[in-house]
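Protein chains in written order, with my numbering: chain A, 10 to 230; chain B, 10 to 230. Glycine residues also receive a C-beta, built at the ideal position from the N, C-alpha and C atoms. Shown next, in structure tokens, is the structure this report addresses.
Protein chains: 2
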Amino acid sequence: MSIDVAAPIQRRPLHNELADRLRHMIVEGELAPGEKLSEKDLCSQFGVSRTPLREAMKVLATEGLVLLTPNRGCTVAKLTLADLDEAFPIMGALEALSGELACRYITDAEITRIQELHERMVRKYEAGALRDYFKLNEQIHQLILAAARNPTLAQMQLSLSGRVRRARYMANMSPARWTRAVAEHEKIFEALAARDGKRLAVLLKEHLANKLQTVKEALTE
Amino acid sequence: MSIDVAAPIQRRPLHNELADRLRHMIVEGELAPGEKLSEKDLCSQFGVSRTPLREAMKVLATEGLVLLTPNRGCTVAKLTLADLDEAFPIMGALEALSGELACRYITDAEITRIQELHERMVRKYEAGALRDYFKLNEQIHQLILAAARNPTLAQMQLSLSGRVRRARYMANMSPARWTRAVAEHEKIFEALAARDGKRLAVLLKEHLANKLQTVKEALTE
DNA sequence: GCTATGAATTATGAATACAAAATACAACTT
DNA sequence: AAGTTGTATTTTGTATTCATAATTCATAGC
């Protein structure tokens, strides 16, 4: 496989690269909530100076992933129960809107594609493959979001779900919850295929509310 | 009037102060959309070095108020029609959620306070004082938001409305629109006072949709 | 006269240097 | 021994410097 020598050369600014890497590390749980982030350490780890690192930190702080305390540095933002209680209803409202818009704009091809993923996801559920299930679940949500044709909305959703994504590690769904989630997804897909925006909105909102319950249960035990 | 000499001394970091000032300048229209922001000029204007200024810029870029193009500087983000089309439905969804939550948590005292403001706002309408009307309108929205008891939601709303606030300057409501807006506010207040969350949500969503129309009309003429 | 090429200028990106605040710790007091 | 004070160290905040990319402008070629 040869590379395209005529492709545009792109060199991103360091602060961008750093922000992406750190964001990934936080969202994927490689950096624990509450962990102190020393500028010096991170600089030597990434081999950059403090200037671009600090710029990246400002971005992450604005996104709510990191907490900047004047004169005493930076910590990974903690996820409290209150945070989840705040975030999930918002995500519910945004998902509901996404669904409504998606029903307006989605193409048949997109629906087919989602159906494919949906069926594969159900099979992952039947096989008990939680990790794969999550991945497909996420892809479906992404596609619905894309079908809403609203980049601003997509970006806000992404940002919010990034913040709470860390909670997933703690949230190992009970079998009952999982079964229920799959049933919900079934209905969600049906509403989408029927392009019933109102119904889809309600379903998604409820789905998110249930998700919150699942996560909270897993957290408080 | 004496000052409290025992009050905690607070010195904010420069990047914070800068971000606030620049945000204000952009949102209030002192910096025109599309305007190039030269680091050097801003530095001499504020009397600071480029480091904290650049940090502030990263924050504003994340908030969507400013556009950072690698190696060629920073411009005030433009507000396109598409941006408005994207932002208003989101604001509608968030307002709807705020309203629903507010109905759950609002106290009688808060309702009384809002009623006061509402009545004053109506009088400003009758007097044709648009500026004052807007101010009161905004305060009411703020109070509803506060009653929703969801800081994350409040913060997202604030950020979004900051982005589109600049459109207001162009949007000089027609008398007919204004009359209609006041009527809508009347109903909104009634629903809130009755703590009818579902109804309030619908009203707020519609209100925002109408607002979008108003702004778009004003823009395209 | 117009385009294209290249040097000079300017602006941005990143690293270093310096200043100030916070933390850690030792010595002292009680 | 517990607490307090002062000093050393570390870390963060800001300014400055150096490097590199973009822009401007003048000149050469057609």
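Any Cβ of chain A within less than 8 Å of the Cβ of residue i?
i, result
"VAL68/B", "yes"
"ASN219/B", "no"
"HIS24/B", "yes"
"PRO42/B", "no"
"ASN159/B", "yes"
"ARG208/B", "no"
"ILE18/B", "no"
"PRO98/B", "yes"
"LEU51/B", "no"
"ALA102/B", "yes"
If you measure from the beta carbon of residue i to each beta carbon in chain B, is any gap under 8 Å?
i, result
"MET130/A", "no"
"THR89/A", "no"
"THR60/A", "yes"
"PRO79/A", "yes"
"GLU199/A", "no"
"ALA118/A", "no"
"ARG21/A", "yes"
Which class does residue i belong to by DSSP, given the choice of helix, strand or coil?
i, result
"VAL75/A", "strand"
"THR84/A", "strand"
"LEU46/A", "strand"
"SER170/B", "helix"
"LEU139/A", "helix"
"SER183/B", "coil"
"LEU154/A", "helix"
Which chain B residues are close to residue i, counting only those with a beta carbon under 8 Å from its beta carbon?
i, result
"ARG84/A", "Note on identity: in this sequence residue 84/A is Thr, with Arg being the wrong assignment. Simply none; closest approach about 16 Å."
"GLU125/A", "Neighbours of GLU125/A on chain B: none; closest Cβ ~28 Å, over 8 Å."
"ALA105/A", "ALA102"
Could you tell me which chain A residues have their CB closer than 8 Å to the CB of residue i, listed as they occur along the chain?
i, result
"LEU167/B", "Simply none; closest approach about 13 Å."
"ARG176/B", "For the sequence presented, residue 176/B should be read as Ala rather than Arg. Here the premise fails: no neighbours, minimum Cβ distance about 14 Å."
"GLU72/B", "THR71"
"LEU162/B", "GLU95, PRO98 and ILE99"
Return the residue from the list the options that minimises the CA-CA distance to residue i.
i, options, result
"VAL75/A", "ALA86/A, ARG208/A and SER170/A", "ALA86/A"
"SER170/B", "ALA200/B, ARG132/B, GLY206/B and GLU95/B", "GLU95/B"
"CYS112/A", "ALA155/A, LEU221/A, ASN219/A and ARG172/A", "ALA155/A"
"VAL224/A", "ARG208/A, LYS196/A, ALA190/A and GLN151/A", "ALA190/A"
"LEU110/B", "GLU226/B, LEU209/B, LEU51/B and THR89/B", "LEU209/B"
"THR229/A", "ASP117/A, ASP29/A, GLU125/A and ALA91/A", "ALA91/A"
"GLU199/A", "PRO98/A, THR121/A and LEU162/A", "THR121/A"
"PRO42/A", "LEU88/A, LEU27/A and ALA70/A", "LEU88/A"
Should residue i go down as buried or exposed, given a rule of 16 or more other Cβ atoms within 10 Å for buried?
i, result
"GLY56/A", "exposed"
"LYS49/A", "exposed"
"HIS216/B", "buried"
"ARG21/B", "exposed"
"LYS4/A", "The structure shown does not extend to residue 4/A, since chain A is modelled only from 10 through 230, so no value can be given for it."
"GLN166/A", "buried"
"ASN181/B", "exposed"
"ASN159/B", "buried"
"ILE115/B", "buried"
"HIS24/B", "buried"
Measuring from the CB of residue i, is there a heavy atom of the ligand PLP at a distance below 7 Å?
i, result
"ARG175/A", "Of the ligands one can find in the structure shown there are none, so the ligand PLP has no counterpart to examine."
Residue i touches chain A at which residues, Cβ-Cβ below 7 Å?
i, result
"ARG63/B", "GLU64"
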